[in-house]
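There are 2 protein chains.
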Amino acid sequence: MSKLRVHNFAVSLDGFATGEGQSTKAAFGHAQPEFLTWFARIQLWRGLEPGGKLGLDEAIASAWGTNIGAEIMGRNKFRPTTGPWPADGWQGWWGDEPPFGTPCFVMTHWEREPISVGGTTFHFVSGTPAEVLERARDAADGQDVRLGGGPTTVNEFLAADLVDYLHVVLVPIVLGRGVRLWDGLEGMQQRYTVESVTAPSGATHLFFTRA
Amino acid sequence: MSKLRVHNFAVSLDGFATGEGQSTKAAFGHAQPEFLTWFARIQLWRGLEPGGKLGLDEAIASAWGTNIGAEIMGRNKFRPTTGPWPADGWQGWWGDEPPFGTPCFVMTHWEREPISVGGTTFHFVSGTPAEVLERARDAADGQDVRLGGGPTTVNEFLAADLVDYLHVVLVPIVLGRGVRLWDGLEGMQQRYTVESVTAPSGATHLFFTRA
Numbered sequence: 001m002s003k004l005r006v007h008n009f010a011v012s013l014d015g016f017a018t019g020e021g022q023s024t025k026a027a028f029g030h031a032q033p034e035f036l037t038w039f040a041r042i043q044l045w046r047g048l049e050p051g052g053k054l055g056l057d058e059a060i061a062s063a064w065g066t067n068i069g070a071e072i073m074g075r076n077k078f079r080p081t082t083g084p085w086p087a088d089g090w091q092g093w094w095g096d097e098p099p100f101g102t103p104c105f106v107m108t109h110w111e112r113e114p115i116s117v118g119g120t121t122f123h124f125v126s127g128t129p130a131e132v133l134e135r136a137r138d139a140a141d142g143q144d145v146r147l148g149g150g151p152t153t154v155n156e157f158l159a160a161d162l163v164d165y166l167h168v169v170l171v172p173i174v175l176g177r178g179v180r181l182w183d184g185l186e187g188m189q190q191r192y193t194v195e196s197v198t199a200p201s202g203a204t205h206l207f208f209t210r211a
Numbered sequence: 001m002s003k004l005r006v007h008n009f010a011v012s013l014d015g016f017a018t019g020e021g022q023s024t025k026a027a028f029g030h031a032q033p034e035f036l037t038w039f040a041r042i043q044l045w046r047g048l049e050p051g052g053k054l055g056l057d058e059a060i061a062s063a064w065g066t067n068i069g070a071e072i073m074g075r076n077k078f079r080p081t082t083g084p085w086p087a088d089g090w091q092g093w094w095g096d097e098p099p100f101g102t103p104c105f106v107m108t109h110w111e112r113e114p115i116s117v118g119g120t121t122f123h124f125v126s127g128t129p130a131e132v133l134e135r136a137r138d139a140a141d142g143q144d145v146r147l148g149g150g151p152t153t154v155n156e157f158l159a160a161d162l163v164d165y166l167h168v169v170l171v172p173i174v175l176g177r178g179v180r181l182w183d184g185l186e187g188m189q190q191r192y193t194v195e196s197v198t199a200p201s202g203a204t205h206l207f208f209t210r211a
């Protein structure tokens, strides 16, 4: 059965996965400087890369792409603005060759035609988490589906009990404000087996696997 | 210089250090079952004890009593009820021989005469965190002062930048509601050197030492 997986999802000690004031200039809002410092330290983005540091954090992060056939992301991950899509040619944060290389399903109330950027096609779809997951599973063709964030989207899928695997990277910072991952999820550990490990970087990896 | 230290302070993934609905029946409110299960697993209370498990968690927890000459605690740690003190003979949670063995300063707006239980004397004092710390330091006579909780009290001392050492035990559970440790403390990591380690139990220990 194709699983729904969350990877490399950074959360602060106070549970925030993004800061306040997101914009197309700062994907993480006021949390951008601290988060980018941490992401650089642990090369969280995709794990092992040519020339990169090869440590525990990077090895763990590398699971990101294995056996993934599609991604689901929230509107804010693709473009952190609300309402109708501006006609300004925005194609996401990832330049001419986004790293996904699979169909990506962007959840939005403002459907529009798909766009292709490099080897990645972005589909703009509305619907419940379960409905969007069904579409992504069809596209993944037997492989797993990655749930790419942001926190509101991951929270909705966790609340609907659709997530099979959640990898959180706890960074030892207090953000104070932003969007929390855990709201409304009291007792969710009871649905999962949980493993934890702290890397020499100081980041703590938590692995929630559906029990 | 005598330091102010917090030890063995358990916090959930969503930042709660106690649950909702505290009472003299359940010190941690709705969080009581999960927290007590974790406290039993990691013997968090005072660390190494005769006949107890001797692992990483217990070794770390044992630092609790070293070079401590006084404790400060919030009213809710001594008795989780508000308003005037009921005349029912309540002497805290700890029976005839509380483990402290030092003067303990209970912060309250309702001052009263001290009581002695076993080798521990509880003083009931009002004042700002800095004022109460000064009294406790006098009593500690050159040794350090432990700040014993609960979360509201620790939060106030952190906000006033009076804490030299903070040991948090992150337990991988989502409590959903209660009293948060981190509120209003955005960026506090910048005042500290932070180390982390996950024990085989699954608890993650975070050590904040004043930079």
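Chains as they are written, first to last, in the working numbering: chain A, 1 to 211; chain B, 1 to 211. Note that CB positions come from ideal geometry on N, CA and C, so glycine has one too. Just so you know, these numbers come straight off a predicted model, no measurement behind them.
Backbone secondary structure at residue i - three-state DSSP
i	result
Glu-49/A	coil
Asp-183/B	coil
Ile-173/B	coil
His-30/A	helix
Leu-147/B	strand
Met-188/B	helix
Phe-122/B	strand
Thr-18/A	strand
Gly-65/B	helix
Leu-56/B	helix
Arg-137/B	helix
Glu-156/A	helix
Glu-113/A	strand
Phe-35/B	helix
Ala-87/A	coil
Pro-129/A	helix
Contact under 8 Å by Cβ, residue i with residue j
i	j	result
His-7/B	Trp-64/B	yes
Val-171/A	Ser-23/A	no
Ile-108/A	Ser-196/B	Note that residue 108/A corresponds to Thr in the displayed sequence, not to Ile. Contact: no.
Tyr-165/A	Arg-5/A	yes
Ala-140/A	Gly-69/A	yes
Gly-119/A	Ala-17/A	no
Val-213/B	Ile-72/B	Because chain B spans 1 through 211 in this model, residue 213/B falls outside it and cannot be assessed.
Val-145/B	Phe-122/B	no
Gly-92/B	Val-117/B	yes
Val-169/A	Gln-189/B	no
Ala-27/B	Pro-86/B	no
Arg-177/B	Gly-55/B	no
Thr-212/A	Val-125/A	There is simply no residue 212/A to check, as chain A begins at 1 and stops at 211 in what is shown.
Gly-15/B	Asp-88/A	no
Ala-203/A	Ile-42/A	yes
Phe-35/A	Ala-61/A	no
Val-194/A	Leu-181/A	no
Arg-112/B	Ser-2/B	no
Closer than 8 Å to chain B by CB, residue i
i	result
Thr-153/A	no
Val-163/A	no
Leu-206/A	yes
Gly-202/A	yes
Gly-176/A	yes
Gly-187/A	yes
Thr-209/A	no
Trp-182/A	yes
Val-197/A	yes
Proximity test, Cβ basis, 8 Å: residue i and chain A
i	result
Glu-71/B	no
Arg-191/B	no
Arg-146/B	no
Gly-119/B	no
Val-194/B	yes
Ile-42/B	no
Ile-173/B	yes
Within chain D, the residues that residue i reaches when beta carbons sit closer than 7 Å
i	result
Glu-156/A	Here the protein chains are A and B, and chain D is not one of them.
Identified DSSP bridge partners for residue i
i	result
Gly-74/A	Met-107/A
Ile-264/A	Examination of residue 264/A is not possible in this model, given that chain A is present from 1 through 211 alone.
Ser-201/B	For Ser-201/B, which the question treats as bridged, DSSP gives no partner whatsoever.
Ala-10/A	Val-169/A
Phe-208/A	Leu-166/A, Val-194/A
Arg-5/A	Arg-146/A, Tyr-165/A
inquiry  = Which residues of the stretch 4-38 of chain B have a Cβ closer than 7 Å to any Cβ of chain A? Give them in chain order.
reply    = Leu-13, Asp-14, Gly-15
Interfacial residues, the stretch 48-79 of chain B to chain A, with Cβ spacing under 7 Å = none
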